[in-house]
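In what follows, a single structure is set out as structure tokens and then discussed.
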């Protein structure tokens, strides 16, 4: 049986017996730069990937590099023909047509794929994708620009925005807490932030338990609001 036949006939993950570590089957729709990078990365991580695009020239370009198929999944019949319902997850990476993106996302949701991610190119596009039920909606350029802006304007080593007013950031250990454990520094009580993990020089990464010592030139991953984070790193 070929890889594509196997992808089309294998049961969904939640119907399979065995280890929860089994790889998922993922459908990637749209082979622009973003979709291609995602498909190749998923393949490198061991996931079973099928990349789909309606442009035969793009399919020819990527044949042999990732499993590909020519199809227009804005058409419900094409979704049915590739047995999309057998996939555990899908990524709709269409960036050149809002209409095609919305139709494809809706079709994949209607097919019963439980985890559908979708790329958005505008605020209005995002709202529609969320309303029709996409599991995750993201705007790569906007999200990336915000992240770089935060990194340039602060002393953060890395930055991830999460839902609501909170962010996860990586910072150097502030002088005020160097040499203290998380409990001794009373990080949450004094600053309102939660320490998720600590990477001290010459040591392995450690999760943020109360007895972990935060050392000079170490790196700390913390969760908090902008105001709380700034108060902590300026201490």
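In my numbering, the protein residues as written are 4 to 238.
Backbone N, C-alpha and C define an ideal beta-carbon position, used for all residues, glycine too.
Assignment of alpha helix (DSSP H) within the region 60-102, counting only whole runs of 4 or more residues, yields 79-84 in chain order. Taking the C-beta atoms as reference points, residue 45 is found no nearer than 8 Å to residue 55. Secondary structure note for residue 233: its alpha helix (DSSP H) is the uninterrupted segment 229-236. With contact defined as three or more Cβ pairs closer than 8 Å, the region 110-123 and the region 76-89 are in contact. Bounds of the beta strand (DSSP E) holding residue 54 are 51-56. Within the same chain, no residue comes within 7 Å of residue 80 by CB-CB distance, once the 5 residues on both sides are set aside. Excluding five sequence positions before and after residue 180, the CB atoms of its chain that fall closer than 6 Å to its own CB belong to 188, 217, given in chain order. Straight across, the Cα-Cα distance linking residue 225 with residue 168 is about 14 Å. With at least 16 other beta carbons inside 10 angstroms of its own, residue 57 counts as buried. In the displayed model, residue 182 falls within coil according to three-state DSSP, outside both helix and strand.
Secondary structure note for residue 131: its alpha helix (DSSP H) is the uninterrupted segment 126-135.
Our two residues, residue 136 and residue 112, have alpha carbons roughly 7 Å apart in a direct line.
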